[in-house]
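Colleague: FYI, the numbering for the sequence shown is 1 to 380, going by the UniProt record's numbering. Glycine is no exception: its CB is placed at the ideal position from the N, C-alpha and C atoms. A single structure is presented below for examination.
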Amino acid sequence: MGETKEAYLFVGSYTGYEPGQLPWVGSKQPGEGISSFSFNSSEGTFTKAGNITKQDSPTWLEVHPNGQFLIATHELSHHTGVGEGVGFVTAYKIQPNGELEKVSTQSTGGRGNTCAAFDRTGRFLLVTRYWEGGISVLPFDPDTGKIGEVTSTPDHSGSGPDPVRQSMPHPHGILGDPKTNMVYATDLGTDQVHQYILDTKTGMLEPKDNVKLTSGSGPRGIKFHPSLRIAYVNCELNGTVSVCSVDDTKGLLPVQTVSCYPKDFVARDHPENLGRSEYWGAEGCLSADGSYYYYICRVHQSIAIFDVGKENGKLTFSGRCQLADNSNARNLTMDPTGNFLLVASQDADRVECFRIDPASGALKLVDVQSVPCAADIAVI
1 MGETKEAYLF VGSYTGYEPG QLPWVGSKQP GEGISSFSFN SSEGTFTKAG NITKQDSPTW
61 LEVHPNGQFL IATHELSHHT GVGEGVGFVT AYKIQPNGEL EKVSTQSTGG RGNTCAAFDR
121 TGRFLLVTRY WEGGISVLPF DPDTGKIGEV TSTPDHSGSG PDPVRQSMPH PHGILGDPKT
181 NMVYATDLGT DQVHQYILDT KTGMLEPKDN VKLTSGSGPR GIKFHPSLRI AYVNCELNGT
241 VSVCSVDDTK GLLPVQTVSC YPKDFVARDH PENLGRSEYW GAEGCLSADG SYYYYICRVH
301 QSIAIFDVGK ENGKLTFSGR CQLADNSNAR NLTMDPTGNF LLVASQDADR VECFRIDPAS
361 GALKLVDVQS VPCAADIAVI
């Protein structure tokens, strides 16, 4: 029997709202901040550890590549009376016992910080400003964890065919290229991936050609294959994934689009469709070795599982895993061992841990813990 390994798991949440106040949140139990757990990475079980770290709506958690710091966005909104241009990110030092020690909080210059990521150097923090329609770049000191003042704040323009969700730009996801200084911002409101080149000396962004995806698709997030020059854009509004080849200078080129929902499933008028769109897909992620891709089908309350082509990275549907009733899961995260997939089921107020079958990619539920309005998960 293998040696038991201990790790730590952090869960972010939506806080500070009254039931029904945030139209995309069905949970009637607001969170309190970041919940900490001890995680057994041999068994996939986890137990509460330490105090809850109080913070306003830490809905996206990102661990720095050096494993020493946790970044949490403050996803604020006009729905709770927050003014335009008000937004923050906070950096925490991860202690040996799993406790979080606050290092710094910095303004992002805008609300709706739905995603944060590091560039390939680990010295710049990339953040979305969903409600203002732009993104921000902030310097980050990987030795101290201090976040510097914003260096670049490009705004997007345009709209899409969905009058409710696409009346203006809404950058939802952002990611730095692991091999170049390219930065990709997925804009749900414009059906585009906005491409930039990051100047790693000044922190300024130079716009490149945007990538237009299917009209009404609503691109939400992006993930890179661990070894192939392939990227996967998960689209919220039409329930698809766009597979893209990656050119070091030109960026993304769509090569395949796959549907993630069952063909006979109608999401539009379903009472759990709080996204008020044709579908309401959430995040996607790859297995550690890039063999499988997983996509959250909100409303249907399932995860679609795809085999990934070894040579071309294209997707073939292989199965489906059911989530909790009324789940409307928001995010999913691979643990560092690559053996488990963790799911933040926002409206079911829980975190679910699934063991991954390495031969098929199938998921088996191994543990569940209660976390009010769970929004995202990070594991170290």
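Pick helix, strand or coil for H170, following the three-state DSSP scheme.
Modeller: Taking the first residue of the sequence shown as 1, we reach residue 170 at position 170. Three-state result, H170: coil.
Colleague: Tell me whether F340 sits in a helix, a strand or coil according to DSSP, three-state version.
Modeller: As a working mapping, residue 340 is identified with position 340 in the sequence shown. Strand at F340.
Colleague: In the segment 32-87, which residue ranges form an unbroken beta strand (DSSP E) of at least 3 residues, counting only runs that do not cross its ends?
Modeller: 33-40, 45-48, 61-63 and 69-74
Colleague: According to DSSP, simplified to helix, strand and coil, what is H225?
Modeller: The residue labelled residue 225 in the question sits at position 225 within the sequence shown. Residue state, collapsed to three classes: coil.
Colleague: What does the Cβ neighbour count give for S157, buried or exposed, with the cut at 16 atoms within 10 Å?
Modeller: Looking up residue 157 in the sequence shown gives position 157. Looking at its Cβ environment, which holds fewer than 16 other Cβ atoms inside 10 Å, S157 is exposed.
Colleague: For a quick check, are the C-beta atoms of V103 and N113 less than 8 Å apart?
Modeller: Numbered from 1 along the sequence shown, position 103 holds the residue referred to as residue 103. Numbered from 1 along the sequence shown, position 113 holds the residue referred to as residue 113. Their beta carbons are not under 8 Å apart, which means V103 does not touch N113 by this criterion.
Colleague: Can you round the beta-carbon distance between R220 and N234 to whole angstroms, since I take them to be within the 8 Å contact cut?
Modeller: Stepping through the sequence shown from its first residue, residue 220 is reached at position 220. Stepping through the sequence shown from its first residue, residue 234 is reached at position 234. A Cβ-Cβ separation of about 5 Å places R220 in contact with N234 under the 8 Å criterion.
Colleague: If you follow the beta strand (DSSP E) that G334 is in, where does it begin and where does it stop?
Modeller: Looking up residue 334 in the sequence shown gives position 334. Note that residue 334 is Met in the sequence shown, not Gly. From DSSP, the beta strand (DSSP E) with M334 extends over N331 to M334.
Colleague: Taking the CB atoms as reference points, tell me whether S13 and G98 lie closer together than 8 Å.
Modeller: The count along the sequence shown starts at 1 and reaches residue 13 at position 13. The count along the sequence shown starts at 1 and reaches residue 98 at position 98. No; because the gap between Cβ atoms is not below 8 Å, this pair is not in contact.
Colleague: Determine which residues share a DSSP beta bridge with F317 and list them.
Modeller: Working through the sequence shown from its first residue, we reach residue 317 at position 317. According to DSSP, F317 bridges with F306.
Colleague: Please report the distance separating the alpha-carbon of T73 from that of T105.
Modeller: Looking up residue 73 in the sequence shown gives position 73. Looking up residue 105 in the sequence shown gives position 105. In a straight line, the C-alpha of T73 is about 10 Å away from that of T105.
Colleague: Taking C-alpha atoms, which residue in D143, S360 and A324 lies nearest to V351?
Modeller: As a position in the sequence shown, residue 351 is number 351, starting the count at 1. With distances taken between Cα atoms, V351 lies closest to A324.
Colleague: Which whole-angstrom value describes the C-beta separation of T285 and Y279, a residue pair presumed to lie in contact below a C-beta threshold of 8 Å?
Modeller: Stepping through the sequence shown from its first residue, residue 285 is reached at position 285. Stepping through the sequence shown from its first residue, residue 279 is reached at position 279. The displayed chain sequence assigns Cys, not Thr, to residue 285. Going by Cβ atoms, the distance from C285 to Y279 rounds to 18 Å, so no, they are not a contact pair.
Colleague: Indicate whether K54 and E18 have their beta-carbon atoms separated by less than 8 Å.
Modeller: Counted from its first residue, the sequence shown places residue 54 at position 54. Counted from its first residue, the sequence shown places residue 18 at position 18. It is not a contact, given that the beta carbons lie outside the stated cut-off.
Colleague: I need the straight-line Cα distance from N40 to A7, nearest angstrom please.
Modeller: Counting from one through the sequence shown, the residue named residue 40 turns up at place 40. Counting from one through the sequence shown, the residue named residue 7 turns up at place 7. Distance between the alpha carbons of N40 and A7 is about 6 Å.
Colleague: Are I296 and R320 closer than 8 Å when you measure CB to CB?
Modeller: As a working note, residue 296 is residue 296 in the sequence shown. As a working note, residue 320 is residue 320 in the sequence shown. No. Outside cutoff.
Colleague: Could you name the residues that DSSP lists as bridge partners for S104?
Modeller: Here residue 104 corresponds to residue number 104 of the sequence shown, with the count starting at 1. Bridge partners of S104: A91.
Colleague: Going by other Cβ atoms of all chains shown within 10 Å of its Cβ, with 16 needed for buried, is T316 buried or exposed?
Modeller: The residue given as residue 316 occupies position 316 in the sequence shown. Exposed is the call here.
Colleague: Could you give the C-beta distance for S27 and C260, rounded to a whole number, given that I count them as a contact under 8 Å?
Modeller: Counted from its first residue, the sequence shown places residue 27 at position 27. Counted from its first residue, the sequence shown places residue 260 at position 260. Rounded, the Cβ-Cβ distance is 23 Å, inconsistent with contact.
Colleague: At which residues does the beta strand (DSSP E) containing F118 begin and terminate?
Modeller: Residue 118 sits at position 118 when you count from the first residue of the sequence shown. Annotation: the continuous beta strand (DSSP E) that includes F118 extends over A116 to F118.
Colleague: List the whole-angstrom C-beta distance separating I230 from G338, where the pair is believed to meet the contact cut-off of C-beta under 8 Å.
Modeller: The residue you call residue 230 lines up with position 230 of the sequence shown. The residue you call residue 338 lines up with position 338 of the sequence shown. Taking the Cβ atoms as the reference, I230 lies roughly 18 Å from G338, outside the contact range of under 8 Å.
Colleague: Could you confirm whether any beta carbon from chain E is found closer than 8 Å to the beta carbon of D247?
Modeller: The structure shown contains no chain E; it is built from a single protein chain.
Colleague: Can you name the start and end residues of the beta strand (DSSP E) that T240 belongs to?
Modeller: What you label residue 240 is simply residue 240 of the sequence shown in a count that begins at 1. Residues T240 to D247.
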